[in-house]
Structure formats: structure tokens, C-alpha cells
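Input: a single structure, listed below in C-alpha cells.
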Amino acid sequence: MPAHGKRPVPAGATGRNGTVTPEKIADWIQNGFRFMANHDTKEWATQPSDTANTALRAGKLEVRIDVDDYGQKMGAAQLAELEAKLGPLPATPSSTSRGGDSESRQHFFLLHEPIELVGKAAADIDIIQHGHRYSLVYPSTNPDAEGNPPYLWYDADGEVMDGPPHIDDLEYLPQAWVDYLRVDETARAHVSEQWDGEIPEAATATEERKLRAIVASLQALPDVWHEGAGWHDVTRNAACWLWRMARSNAYALTPDQGYQLMLDHTPLYPGWGIDKLESQWSSCEKSTEGQFEEPPLDDRPPLLPWNGFPTDRMFPSINGEHFATLWMAKPENTTPAGLWGRRQQLLVAMLSSGFTEQEAATVVWHSGAAAHPGFSFGGQVFVDRDSRIITDYDLWREVDKAQATVAQSTGEVVEAAPLDERPSLELEPTQLSFLDDAERQILASPDGVWWGSRFVEWARHTYGTKLNESYYRLNRWVILSTILGSKAMLAAPGGTPRRLTLYVMLVGPTTSGKSTAFSAVKNCLNAFFLLDDHPDIGGDHTPESLSKTLLSRDGLTSLFRVDEAHEVFATRWNREIGPYSGVKGMLTDLYDGEVAARFRATEQSSGQGAETFMTVHLMGTREGMVDVIGPKDWKSGLMPRFVWAIGVPIERTKESMLNRWVTEEAMAAQADDDERKAAGRKIFQQWAAEFQGMTDAVQAPNGQPFLLNMPAAVAARWAEFAWSLMKLAHQHPAHREQLEATFDRLAESVMRAAGLVALSRRRRRVEMSDLLIAIEQGEEWVGNVMLMVQETEESPRTRQVNAIERYLVEKGGTVAIAAIHRLPQFRDNQGHVKGLIEELVAQGRAQKDPATDTLRLKGLTTEGAIAA
């Protein structure tokens, strides 16, 4: 740090986002900068500079509460107020600088799990976590306090320490503080009309939650600007949200306070300075003109105590059905719209019958349509009775909607949820990251270069703009899985080692290059394997033929591949009865490499199981796979075994058309250059030689697969990654069951991939860089599987019913039934379409008009537009 300051040195260097690397430190030493070189021994590499400060980054399970109490800062008083509200903080080691009556104290605490907290607990109390800024520590001096007092280490009793505390000396942050500081995902913007009440004198709890959410989004930005960091979108969203709050009579916030909040918490940089922030603030003032933030719900009464369904009250029947029956069970349509509709049924019926809002909200909060479906583990389903698929904020919004329905009608139930009112349960797999900056630096170094990265570089050079790179990133694992998958296994508890073979699925538009990408797989395998033991067994199998084939290849590697997999699912595999029957059931069981005796019911059966190392490679269109995959495929365990590549349409340009063929002029230019002329063939021969070298280096003397070695640090890093996936699944309760099962298998696939990287580097030991390469690929796999889980959350039939509803919405709410029959996906199947329409009507989402032979969306005004 420069003289008594907080900016990293040298000029332009960055350390506040964890981007300090050994290479950067070495460069700084060479240029004479002072720094702490050995964190373990706390020794200086050179004599400490009188003008250099030292900063320490927070660990992933650490949080620091930074209390500033000097000048105009009142952190001590604010801390006392918070402790009176949340309970006292336990005595824990701290780092403090004192000068006169001023003090800046950082309290060091631990977290039981990596939880994202807000950036501020109060105006002069900062919350510092991993990924945020660094903390100044001994022997730094405080650049802000009077006299630049030095920082010293203090133990829990307030005594000065000779050095920093040990991690065992730190206390855990109390749960009440964790709950208060946790980033509130439910605090989000909702545009509304101007509130007709008086402006409050002080911020309500809801307003404070919203402001903490805004602060957290701003402080999550990196301190040093770079392309794609998200400054524009994050600051614009924050500024627009603040303007809507400042305009609304329901909030105490003023425009000046909102702008000051932006200044205080937005990292500024020469590439994104205060001028840009002022421009953003002014732009949002204009773009949000006439918009107001929805009023807080702090004036709503708390829900009533719950002692089970109340039997001392008379409840109305709903469309001839007992209220308690509908209250207890989920509707047949368990999509967000269907659950919304059921809750509206219950609320409207109760409010129409004289129940208070508080009574109606309490009963619906405990209904089957609001309850979380639970999660599965070890074959059992566990239900958390306190978990809900909506927030209390959404519940009260639904109460308001039901009150409006009661006021506008005689109580007729409206089940079709207006699209802008349905609670959002969509997955957001973008910008997933499971590696920190230091780990990405390793991948950018020579340690991150391996055969797979060279394979992708070859694809980029060869196909240029016609490349769907995701296909090649996935196919490199298919090549290694097929060639090296039988050479080693991962040691696992219970004496059941895990194979290194993978199941992969490539989906994308018909002309997106899937077949071209697979040709690289075929060329590599053809160059490596002899014809008599080529592993490609195709995919046109019945259970019997697949069993017979694998029996004949006992202990060998095999490649099961299917093109146009969506057609095979639709015409053959989905017609098999039961989730574990037929080829789909076999693929599910064969993932672990054992051909059970029941699969050997052929003329060659000996009653013994066989061993297989089978790689599965399926290709199809994204739309086609969505049409044929349903929730049962995720629950049966088949889909969770796959990792996915999702392609995009290839942009057609004149240049790409010109480069589609090799001209005679180009051939003539290469005629005298044998290397270039044969490069297309020789690259696969070259790789085949590399693969042979890999297998020779790791092959066990007896030819049997061996167990890979794995350091404890690698296993611990994998466990951290796997736990991150489980937490990600918990953040999406609507898809939690599918995601938990899928992420469990996906985490194993990442470790299998790490094993393949190690073998490709001719090692029998999985090193940390091998795992980091696999985790980086896993970031893409996780995002893709989240998209596919979301798109296939409904059964194919439910999706068809919903497609008719969407068609009604697109056409203004009313269409001729004959027009539905003419839709491409419904032609030539009138009986089936009739059943879909009847199901939509039976669910109360639409109504038929026999006089005009039309179908009308429920919840329409007389003019035919969708009711707001």
C-alpha cells in the first residue's frame, strides 16, 4: 500500500479482489515494493517500509465487522444499538487502531457456512467478507484516523498480541446477526402506483431490507473496472430502484440520500468515475418518471398462531368440493401458475365468506399449494414444515389480488394467473462461478494447459466462425473417457470404486455442427483403436442386444452413441413401461459399470455379472429433447447422469459460405507443402500417438484398472465444490428435488473428469490443477443442466396444455378451437388435442363457448383483453 493509504501498489495493481498472485508479488519485489511475503511465518521479505500498509483478505468462512468511531463516524454507538436489538457480540480477537479519542476496530468472526452478507450493518459499520475488500492490519497505520495511529492485534480479552490470532481463537458470528445481515433475496423492486398515505418519518424494516439489498449489489462489484464486470447494469438497476423509492410517499428515502448511497457504495475507477455515476443517476431519474416503488408491507398484521387446520369455523365449498380437500392437496397442475391459481381459489373463497385477511393469509400459508415439496436423500423424502415456495411478501400481494377479485365480482374463482403476477420460480444459471481469482490464475498459467485445451484450440483454428465451441469442449471428454476410462478408477468408501467414464448429451439446432463435432471423436478413435476392438457399439439396441454386446466386451471400453436421440426417446424408449425398464433403465444402472446378471438373460448367460466401461454419447435438438423428457426422467436417475452441451444457431455470412470448400487455387498453393496438405489427417495420428503414450505411462502391469491417488487437499476442494452445488439447489425450491439428485451426480462427473485430466498428463495421481480444470468445465455443465431441468419441469402432456394457454394469451384471450387443431404440433391428432383442451377447461384456466366454438382464457374483461 502507498503511504498511509488503502490503494494497492504499484500503481494500477489490484489486490482488493483477490487478484494478487505469486507472479505479481515477485514482480513487485523486483521493483522494490515492500510487502508481506510469507503469511504463515508472518515474516517480511525485506525491511518493512515506513510508508507501506499491509492488507489481509477474509477467508471464505470468515467475516469481519469493521466499526469506525472517529471524526463524524459514530460506529460505537451504532454497534451498541445493534447489540441491544440482536444480542451482544461474543468477545473475539480484533485488529484496532487508536488515536486520541478515535478508534477503528475490526472484529474477526467465523461462519458455519459461506453465506453472503450485506456490505453494511449500519452507516459506520462495514461487513467484510471473502471477495470484498481487504482489511488493514498490523503494522499498518490508519490513514483516516487522527495522527495515523498504528493497527495492533488484540485478543478476546483486549490485551495486545505479539502476532495475529490463530483461527481456533475466533468465535462464530451469532445466528441472530447472521439472519439480520444475510442478503435478502426477497427484497426486490415492484413498480406500483403512488401511495396515498403520509411520508414516514423513518425507514421501515422493509425499506431497510431493500436498501441493504441495493448496497449488497453495489458492493459486489469488483473494485477495479474491467470489461463485462456489470457496472452499467448493476448501477442502473440500483439507481432506478432508488428513484422509485425516493418518489414514493411510502418511503422515507429522499433523492439526495439515494444519490449519496450510490456514491458511498459504488466502486469508482478511472474507467468508471463519478461522471459516469452522475450520468446514470440522471438517466434513471428520467426513465422512471411517474413510477413508484410498491408500498412496504410492514403495516400488515403477523400471521396467526398455527395449531392445525381450524375445525371450529365453517369453510365454504369451492365449485362443489370441500374446502379442506382443496386446502390439503396440491392441484394436479403443479406449475407456478397452477399453484398460484389454487391459492387464489382458497383466498377468494375465504374473503368472500367473511374471513379476515389475517385469517385467510394464515390458512393459505399452511396449505398444500404453498408448502415446499421437500427434498430426497438416501431414498427418503424429508419435508421441512417451515419451508414455503413463496415468501410472506408474495403472500400478501396475493391477498391483495384476491381482495380485488372479490370486490370486482360475486366471488367467482379466477384460476388463470395474470402472467405478470405469477411468482417467478425461474432458474438463473448465468455467470456461475465456482473458482476464485487465484484458481483462475492457475488455469491461465502453464499448469492449465493440457491436451483438452489444445483440442479446443485446434477446433477454433479449423472451423472459425462455424464453430459451436461447447460441442468440442464436451467431446474432448468423450474421447478421453473412451480411450482412458478403463485404465483407472477413483477410490471410494465401501470398496466400490467409481469409473472414469462419462454420459454426455449434445443438444442444439439441426445445422449447428453436432455431426461435424462428432467426426473429430470418430477420427480420434479410428486412429487409436484397431478395427477388431473398436469401442463404438452404436446405439440401435434393444435391452437384449445391448446386454449381449456388453457381455462380449466384458472389461473393455465401449461407446454407446445415438444421433437424433429425441426421435429414439419418442418412438422407442418412452414407450417402455416403468422407469427402470428397457434401454433407459439399463443406461441408468450401467453408469456404475456393473452389468447385472438380470441383464444377461441371453443364450450366453452364465448367471454372472459383467464389467463394462461404457461412455454414452447422445445428440439431438434442444426442442426435441424438451418435448420427450419429463420429471420422471430426472427422478428415475437417468438424466442426472448426463452432462450437457447446448449449442446455438450458427450465423450464416457470405464469408462463411466462401470458406465452406477448399478451392483448386488453395490446393495448388499447398501442393508442395506435404505437412500442410496432410495436416488434417496427421493431427489425429499425432493425437493417437499421444494417447498411446498416455496409456503406456499409466497402464498397470496386469492390464487391470488401478486406483488413482488423491491428496486430501484435492478431496477437500472437491467437497467444497459439491457443497456449493447443494446450496445452489436449495436456492431454487421449485426445482430442488431434481437439482439435488442431478448435482450429486454432476459433482461426481467433475471428479471423473479430473481423473481423466490426470491420466492425460501421464500421472496416477489427481493434482489440484486437474480438479480445477474439471471444475471450470463444470461451471458450464451446471448452467446447462439448470436450463434443462427448468425446461423439462413439466410432463410432455402438461407442456402441451400450457402451450394452448400461451396461444390464447398471444391471440388476445379468445381463439377458434379449429385454429388450435391447425397448429403444427397438433395436426392430425384431433382426439388428443380435444383431451388437452378439456384438461385446460377442467383446471379452470379456460372456458369453451359452444355457440361460437371458441376457447376463452379465464379472467377476461368483456372486451376480451386479459384482466389486469
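Here this note's numbering is used: position 284 in the sequence shown is 1017, and no number is missing along the way.
Yeah, the Cβ is synthetic: ideal placement off N, Cα and C, and Gly gets one too.
Between the beta-carbon of I860 and the beta-carbon of A854, is there less than 8 Å?
Contact flag set, yes.
Using the Cα positions of E816 and L822, report the straight-line distance between them to the nearest angstrom.
Separation of E816 and L822 (C-alpha to C-alpha, rounded to the nearest whole angstrom) is 7 Å.
Please report the Cβ distance between P898 and S830, rounded to the nearest whole angstrom; I am assuming they are in contact, meaning their Cβ atoms lie under 8 Å.
Contact doesn't hold; Cβ gap of about 17 Å is too wide.
Do you know whose CA, among A1455, M1319, L1001, Q990, lies nearest G1370's CA?
For G1370, the nearest C-alpha among the options comes from M1319.
In the structure shown, what three-state DSSP assignment does F1025 receive?
Correct three-state label for F1025: strand.
I believe T1489 touches S1186 by the beta-carbon criterion, under 8 Å. Please report the beta-carbon distance rounded to the nearest angstrom.
Residue identity differs from the one stated: residue 1489 is Leu in this sequence, not Thr. Not a contact, Cβ separation roughly 13 Å.
Three-state secondary structure (DSSP) of F1559:
It is helical.
Beta-carbon gap between T1587 and V1522 smaller than 8 Å:
It is not a contact, given that the beta carbons lie outside the stated cut-off.
Near D1406, which residues of its chain fall below 6 Å by C-beta distance, leaving aside the five closest residues on each side in sequence?
Here D1406 scores only 46 on pLDDT, less than 50, and its place in the model is too uncertain to base an answer on.
Please list the terminal residues of the continuous alpha helix (DSSP H) segment that includes T1290.
Taken as a continuous stretch (DSSP letters only), T1290 belongs to no alpha helix (DSSP H), being part of the beta strand (DSSP E) at 1290 to 1295.
So, do the segment 1452 to 1464 and the segment 1289 to 1302 have three or more beta carbon pairs nearer to each other than 8 Å?
As far as the Cβ criterion goes, the segment 1452 to 1464 does not touch the segment 1289 to 1302, which means the pair count is below three.
Would you kindly work out how many angstroms separate the C-alpha atoms of L1541 and R1589, rounded to a whole number?
Those two C-alpha atoms are separated by around 7 Å.
Check the DSSP bridge columns for A935 and list the partner residues they point to.
DSSP lists no partner for A935.
How should V796 be labelled, buried or exposed, when 16 other C-beta atoms within 10 angstroms of its C-beta is the threshold for buried?
Buried, because 16 or more other Cβ atoms sit within 10 Å of the Cβ of V796.
Check whether the segment 1190 to 1203 and the segment 1244 to 1262 touch, using three or more Cβ-Cβ pairs below 8 Å as the test.
Yes: at least three Cβ pairs fall under 8 Å.
I need the boundaries of the beta strand (DSSP E) containing E795, first residue and last residue.
Note, E795: beta strand (DSSP E), 795 to 802.
With H, G and I counted as helix, E and B as strand and the rest as coil, what does DSSP make of A889?
DSSP places A889 in coil when its eight states are reduced to three.
If I932 sits next to A985, beta carbons under 8 Å apart, how far is it from one beta carbon to the other, in whole angstroms?
Right, their Cβ atoms sit about 7 Å apart.
Top-ranked residue by Cα proximity to L789, from T1348, A972, A1552, Y871:
Nearest C-alpha to L789: Y871.
By the three-class DSSP mapping on this structure, what secondary structure does S1482 have?
Correct three-state label for S1482: helix.
Beta strand (DSSP E) segment containing L1441, residue limits:
Taken as a continuous stretch (DSSP letters only), the beta strand (DSSP E) holding L1441 covers 1439 to 1441.
V974 to K1019, Cα distance in whole Å?
For clarity, residue 974 is Trp in the given sequence; the question names Val instead. Take the alpha-carbon of W974 and the one of K1019: they are about 13 Å apart.
Return the bridge partner residues of E1327 from the DSSP annotation.
Partner(s): E1344.
With DSSP as the reference, label Y884 as helix, strand or coil.
The answer is strand: DSSP assigns Y884 an E or B state.
Reduced DSSP category for F1375 - H, G, I as helix; E, B as strand; rest coil:
Here DSSP, grouped into helix, strand and coil, assigns F1375 to strand.
Give the range of the alpha helix (DSSP H) segment to which V1359 is assigned.
First-last of the alpha helix (DSSP H) with V1359: 1355 to 1361.
Going by the beta-carbon positions, is the gap between A791 and Q839 smaller than 8 Å?
It is not a contact, given that the beta carbons lie outside the stated cut-off.
Since S868 is in the beta strand (DSSP E), which residue starts that stretch and which ends it?
Boundaries of the beta strand (DSSP E) harbouring S868: 868 to 870, taken from the DSSP string.
Residue from L885, P1069, K1581, Q1091 whose Cα sits closest to the Cα of T1121:
Before going on, a small fix: residue 1121 reads as Arg here, not Thr. Put simply, of L885, P1069, K1581, Q1091 the residue whose alpha carbon is nearest the alpha carbon of R1121 is P1069.
Just to confirm before moving on: does the CB-CB distance between Q908 and S981 stay below 8 Å?
Going by beta carbons, Q908 and S981 fall outside the 8 Å limit.
Using the three-state DSSP reduction, which class does L1233 fall into: helix, strand or coil?
L1233 falls in the coil class under three-state DSSP.
Determine whether the beta carbon atoms of L1059 and T1095 lie at a separation below 8 Å.
Note that the C-beta distance between L1059 and T1095 is not below 8 Å.
Less than 7 Å between C-beta atoms, sequence neighbours within five positions excluded: which residues of the same chain meet that for V851?
Excluding residues within five positions, the ones whose Cβ falls inside 7 Å are I860, L914, V916, R945, V948, A949.
The segment 990 to 1006 / the segment 1036 to 1051 touching (three or more Cβ pairs under 8 Å)
Result no; under three Cβ-Cβ pairs closer than 8 Å.
What do you reckon, are the CB atoms on T1348 and K1220 nearer than 8 Å?
At the C-beta level, T1348 and K1220 stay beyond 8 Å of one another.
For the alpha helix (DSSP H) that contains M807, what are its first and last residues?
Per DSSP, M807 is not a residue of any alpha helix (DSSP H), being assigned neither H nor E.
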